[in-house]
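Here is the structure we will look at.
Number of protein chains: 2
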Amino acid sequence: MTEHTPIRVAVIGAGIVGASVIEQLAAHAADLQSRVGRPIELVGVGVRDASKSRPGINPALVTTDVVGLASRDDVDIVIELMGGTTDAADVVRAALARGASVVTANKALIAAEGVALHKLADNSGADLYYEGAVAGAIPLLRPLRESFVGDHITKVLGIVNGTTNFILTQMTDENLSYAEALAQAQALGYAEADPTADVSGQDSAAKAIILARLAFHADIDVSRVSVEGIENVSIQDIEAAKAMGFAIKLLAVAELTPDEAGVVVRVHPTLIPADHPLASVRGPFNAVFVSARAAGDVMFYGRGAGGNPTASAVVGDLVTVARNIASGSRGFSVTPYADLATRELGEGRTSYYVNVQVADEPGVLATVATAFADNGVSIQVVRQDGAADNASLVLRTHIATDAALSRTVETLRSLPAVRSIVGVMRVEG
Amino acid sequence: MTEHTPIRVAVIGAGIVGASVIEQLAAHAADLQSRVGRPIELVGVGVRDASKSRPGINPALVTTDVVGLASRDDVDIVIELMGGTTDAADVVRAALARGASVVTANKALIAAEGVALHKLADNSGADLYYEGAVAGAIPLLRPLRESFVGDHITKVLGIVNGTTNFILTQMTDENLSYAEALAQAQALGYAEADPTADVSGQDSAAKAIILARLAFHADIDVSRVSVEGIENVSIQDIEAAKAMGFAIKLLAVAELTPDEAGVVVRVHPTLIPADHPLASVRGPFNAVFVSARAAGDVMFYGRGAGGNPTASAVVGDLVTVARNIASGSRGFSVTPYADLATRELGEGRTSYYVNVQVADEPGVLATVATAFADNGVSIQVVRQDGAADNASLVLRTHIATDAALSRTVETLRSLPAVRSIVGVMRVEG
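See below:
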């Protein structure tokens with residue numbers, strides 16, 4: 131093994147990101163070699179459909195036997211960019227099991243099986259990196275894995291889905307309804323024909339799980355992650371938020387419980403103050419706030435998706451993994467050594483915005499205020515608008531457990547004076 | 131050498147950052163051990179004055195012989211937190227020369243001698259890390275060293291000095307003069323009694339040099355770095371900027387020249403659009419924008435200074451270096467392998483804001499416009515204010531070389547119709 135012995139790489143999945151990675155490997159070959167210490171050689175490309183024309187890719191390298199390619203002894207690093215959790219899982223397991231390192235941008239796979247895959251990598255001495263799985267090219271997972279190791283992270287708060295952020299930005303700036311903004315996102319290619327994974331919050335939840343695992347060194351019980359999408363965010367919510375000096379964002383939140391014995395992971399539309407740095411993150415951009423005891427608040431911001439940004443993250447990981455191979459070492463392993471239980475949303479602490487339509491009669495505010503007080507929730511601000519049949523109360527509470535807040539909302543629903551609950555949303559920042 | 135063999139650390143410099151590092155080592159000992167794989171043991175503390183009481187530090191570990199401590203065979207890692215470029219340089223060289231790794235937060239030392247120190251580290255097989263030297267706890271240098279390795283950075287743009295950012299923020303928000311804002315910064319402890327290093331831009335320049343070296347893998351000719359401080363920023367500049375929809379920030383800029391054969395490194399007060407993410411970075415916060423070909427624009431934001439944030443960065447580096455020792459490997463080396471010359475400011479490309487007081491006579495705008503045209507600079511916006519003896523022209527140009535812009539200003543000075551030049555400032559974003 132000399133400095134001329136190539137490190138052999140297979141790229142599995144040759145869609146937009148895969149093609150961009152292959153292009154960058156060729157374009158920056160000399161640069162990569164000087165950074166790794168050995169040349170990087172592409173020895174195989176796994177695809178679903180071998181008949182498709184792929185300019186710039188040597189057809190002799192192409193195969194549809196993706197698990198076979200990942201299992202080849204002469205492949206040192208497997209770059210998995212197929213997506214999904216079935217074939218991709220077989221590919222990643224086949225590589226890690228025989229000690230070949232893996233770079234992937236597959237958030238669904240890492241969210242679902244990250245702990246088991248890291249264990250497999252630890253057992254065989256392989257590396258597993260996936261910077262591209264969360265927030266595109268923003269270097270975020272590496273700092274969580276490596277930079278904050280001497281610190282104590284208490285909370286991670288982020289806009290990690292560009293589609294929903296674009297929709298909420300358009301609703302806010304252009305006064306579009308949710309349906310209009312979604313149609314615009316689809317027309318511009320920011321949302322897919324079936325937008326469910328994005329608008330339901332599932333995509334953000336996968337990323338929240340990955341972030342939580344790295345930030346807190348804990349296994350996360352996926353069944354206890356609370357997920358709410360943006361489908362029910364209304365123009366009234368946006369307007370009420372604006373009137374209070376807030377913006378509405380779909381946030382992925384992972385935080386230690388106050389007793390520091392558990393973690394709550396939640397995704398939901400959230401009110402944040404208009405002067406909070408996350409409030410000015412617009413359109414398809416992503417940003418993640420990390421609060422650590424010594425470091426304070428640190429924010430990472432950039433393009434959350436797209437072929438080239440994701441490919442940049444993948445190639446960055448590839449160089450790290452290749453350097454480790456060249457030096458006979460391994461990267462930081464991700465062991466869930468912290469004894470932290472995943473707690474239900476109800477144990478999280480937050481404050482609420484509540485917008486209710488009420489009968490315009492004397493004493494209605496007192497009745498509503500009593501409902502909050504009876505559930506142990508203290509009100510910070512209340513605004514009463516309109517008159518006659520259209521009176522509304524917009525309230526913002528102090529911090530309480532989510533369980534107490536949700537009991538309060540149940541109580542409100544049962545009050546004859548409350549005509550309807552227009553909006554309920556958590557507040558952060 | 132077993133997993134119980136400690137990795138032995140000396141902390142040299144026990145001021146605010148050093149004391150916080152020593153405290154974090156003790157408080158997170160078990161955590162650090164599980165991340166490193168071996169225990170971390172503090173075996174020496176170097177100080178200037180041994181008679182001072184230092185609660186929490188075992189007096190038996192304390193010595194004033196700092197170079198002797200760095201030279202001790204039983205010290206695996208030296209953490210240099212003395213500051214300055216004389217004794218600190220001796221300490222760092224003594225450690226690296228014998229193969230002991232170094233973690234430091236000393237921006238002046240790394241800016242001045244980073245290339246030579248990295249060479250020393252490469253020769254002896256030691257690691258040299260200094261995340262705390264730029265932008266406190268914001269993980270910035272590690273992503274530049276490691277995450278963007280497969281990408282191609284074209285520009286780095288940042289607010290890297292909290293003192294000057296606080297002063298400019300107060301001038302903007304509270305309409306304070308430069309002198310009033312400086313006095314306030316001193317009263318609050320954001321500025322030192324002698325604020326020269328901060329307000330002159332020298333502190334930002336040291337950080338710009340470090341950022342440029344890492345972003346472009348190039349040696350930087352320090353004598354060609356252009357530095358202008360904030361001492362001459364006036365209320366008129368701030369007001370003219372606001373009127374144009376801009377904010378004034380002291381920026382550290384490092385960018386490739388258009389021919390990609392050179393790098394320009396410059397620090398100066400800069401107009402940036404009010405909706406640019408850097409414009410909303412207020413008070414003592416820092417933020418750095420990185421533009422890369424594939425990744426696009428990425429921003430890092432957080433507290434730029436302070437004992438705990440800097441200590442967090444130092445301990446993060448310590449864990450990396452200790453893990454490398456435990457696994458017998460080394461981190462990414464920083465070799466200036468790119469063949470890029472440091473170019474003078476004049477070769478940089480930027481646009482200008484120019485604010486001139488003119489005689490209020492017919493044809494004065496034509497005269498001024500001709501001065502721009504004759505120097506090949508195209509005007510983007512011009513606003514004419516006032517009348518009689520107090521007429522002013524505020525202009526913003528299109529992008530041109532800095533040399534052409536500065537020739538234009540010289541021409542303006544020579545015009546009889548131009549009474550005085552109120553402000554000249556570069557524009558970014």
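Chains A and B, in that order, give the protein sequences. For the first sequence, this note's numbering begins at 131 and goes up steadily by one. For the second sequence, this note's numbering begins at 131 and goes up steadily by one. Cβ coordinates follow ideal geometry from the N, Cα and C atoms, glycine included. The structure presented is a predicted model; accordingly, all values stated were derived computationally and were not measured.
Contacts that residue i makes with chain B (C-beta to C-beta distance below 8 Å)
| i | result |
| --- | --- |
| A/Gly446 | Glu276, Ser277, Phe278, Val279, Gly280 and Asp281 |
| A/Gly432 | Ala425, Gly426, Asp427, Val428 and Met429 |
| A/Glu261 | Ser277 |
| A/His248 | None at all; the shortest Cβ gap to chain B is about 14 Å. |
Residue i: contacting residues in chain B (beta-carbon distance under 7 Å)
| i | result |
| --- | --- |
| A/Thr450 | Glu276 |
| A/Ile268 | Val428 |
| A/Gln154 | Gly280 and Ala424 |
| A/Tyr467 | Ser164 |
| A/His528 | Here the premise fails: no neighbours, minimum Cβ distance about 26 Å. |
Chain-ordered chain A contacts of residue i [CB-CB under 7 Å]
| i | result |
| --- | --- |
| B/Arg165 | Val279 |
| B/Asn438 | Ala424 |
| B/Ala441 | Ala424 |
| B/His398 | Simply none; closest approach about 24 Å. |
| B/His134 | Here the premise fails: no neighbours, minimum Cβ distance about 18 Å. |
8 Å Cβ cut-off: residues of chain A touching residue i
| i | result |
| --- | --- |
| B/Arg343 | None at all; the shortest Cβ gap to chain A is about 15 Å. |
| B/Pro607 | In this structure chain B extends from 131 to 559, so residue 607 of chain B is not present and cannot be described. |
| B/Ser459 | Asn454, Ser457, Gly458 and Ser459 |
Classification of residue i by the beta-carbon crowding that lies within 10 angstroms, buried from 16 upward
| i | result |
| --- | --- |
| B/Glu210 | buried |
| A/Arg543 | exposed |
| B/Pro269 | buried |
| B/Ser189 | Reading off the sequence shown, one finds Pro at residue 189 of chain B, where the question assumed Ser. Label assigned to B/Pro189: exposed. |
| A/Leu287 | buried |
| A/Tyr467 | exposed |
| A/Ala496 | exposed |
| A/Ile340 | buried |
| B/Ser277 | buried |
| A/Lys587 | Because chain A in this structure spans residues 131 to 559, residue 587 of chain A falls outside the shown range and cannot be described. |
| B/Asp179 | exposed |
| B/Glu540 | exposed |
| B/Pro399 | buried |
| A/Val548 | buried |
| B/Asp504 | exposed |
| B/Asn236 | buried |
Sequence-distant residues of the same chain with beta carbon closer than 8 Å to residue i, five excluded per side
| i | result |
| --- | --- |
| B/Ala238 | Gly213, Gly214, Thr215 and Ala336 |
| B/Gly167 | Glu133, Arg453, Ala456 and Ser457 |
| A/Glu361 | Tyr308, Val329 and Ser330 |
| A/Arg343 | Gly244, Val245, Asp349, Ile350, Val464 and Pro466 |
Own chain partners of residue i with C-beta closer than 6 Å, once the 5 adjacent residues on each side are dropped
| i | result |
| --- | --- |
| B/Asn438 | Ser150 |
| A/Pro136 | Pro169 and Glu171 |
| A/Arg433 | Gly266 and Pro439 |
| A/Leu448 | Val233 |
| A/Ile207 | Val139, Ser231 and Val451 |
| A/Tyr431 | Ala417 |
| A/Gly559 | Ile402, Pro403 and His406 |
Where residue i meets chain A, residues with beta-carbon distance less than 9 Å
| i | result |
| --- | --- |
| B/Pro403 | Here the premise fails: no neighbours, minimum Cβ distance about 13 Å. |
| B/Ser410 | Asp405, Pro407 and Ser410 |
Where residue i meets chain B, residues with beta-carbon distance less than 9 Å
| i | result |
| --- | --- |
| A/Phe462 | Arg165, Val449, Thr450 and Arg453 |
7 Å CB neighbourhood of residue i in its chain, flanking five on each side removed
| i | result |
| --- | --- |
| A/Gln300 | Leu306, Ala311 and Gln314 |
| A/Val394 | Glu385, Thr387, Arg473, Leu475, Glu477 and Gly478 |
Which complete alpha helix (DSSP H) runs does the stretch 250 to 290 of chain A hold, if anything under 4 residues is left out?
For secondary structure counted as the alpha helix (DSSP H) over 4 or more consecutive residues, the stretch 250 to 290 of chain A holds these complete runs in sequence order: 271 to 276.
Are the stretch 390 to 404 of chain B and the stretch 262 to 280 of chain B touching by the rule of at least three beta carbon pairs closer than 8 Å?
Contact between the stretch 390 to 404 of chain B and the stretch 262 to 280 of chain B is absent, because fewer than three Cβ pairs lie under 8 Å.
Quick one: which unbroken beta strand (DSSP E) runs of 3-plus residues sit fully inside the stretch 487 to 543 of chain A? Chain order, please.
The stretch 487 to 543 of chain A is shown to contain whole beta strand (DSSP E) runs of 3 or more residues at 509 to 515 and 521 to 527, in chain order.
Quick one: complete beta strand (DSSP E) runs, 3+ long, within the stretch 409 to 443 of chain A?
Every beta strand (DSSP E) stretch that sits fully inside the stretch 409 to 443 of chain A and reaches 3 residues is listed by chain position as 415 to 422 and 426 to 433.
Touching or not, the stretch 488 to 496 of chain A and the stretch 193 to 205 of chain A, by the rule of three or more beta carbon pairs under 8 Å?
Taking one beta carbon from each stretch, the stretch 488 to 496 of chain A and the stretch 193 to 205 of chain A have fewer than 3 pairs nearer than 8 Å; the two do not touch.
The stretch 293 to 303 of chain B in contact with the stretch 320 to 328 of chain B per 3-pair CB rule at 8 Å:
Yes: at least three Cβ pairs fall under 8 Å.
At least 3 beta-carbon pairs within less than 8 Å: the stretch 136 to 144 of chain B vs the stretch 166 to 174 of chain B:
They touch, by the three-pair rule.
Any contact of the stretch 469 to 489 of chain A with the stretch 525 to 533 of chain A, i.e. 3+ C-beta pairs under 8 Å?
Touching, yes.
How do the stretch 501 to 510 of chain B and the stretch 387 to 402 of chain B stand: do at least 3 beta-carbon pairs fall below 8 Å, yes or no?
In this structure the stretch 501 to 510 of chain B does not touch the stretch 387 to 402 of chain B; the number of beta carbon pairs closer than 8 Å is below three.
Contact between the stretch 364 to 372 of chain B and the stretch 302 to 319 of chain B (3+ Cβ pairs under 8 Å):
Three or more Cβ pairs drawn from the stretch 364 to 372 of chain B and the stretch 302 to 319 of chain B lie within less than 8 Å of each other, which places the two stretches in contact.
Is the stretch 227 to 238 of chain B touching the stretch 252 to 268 of chain B in the sense that three or more CB pairs, one from each, lie closer than 8 Å?
Short answer: they touch.
Given 8 Å as the limit, is there contact between the stretch 438 to 448 of chain A and the stretch 419 to 428 of chain B, that is, 3 or more CB pairs closer than that?
Output reads yes: the stretch 419 to 428 of chain B touches the stretch 438 to 448 of chain A.
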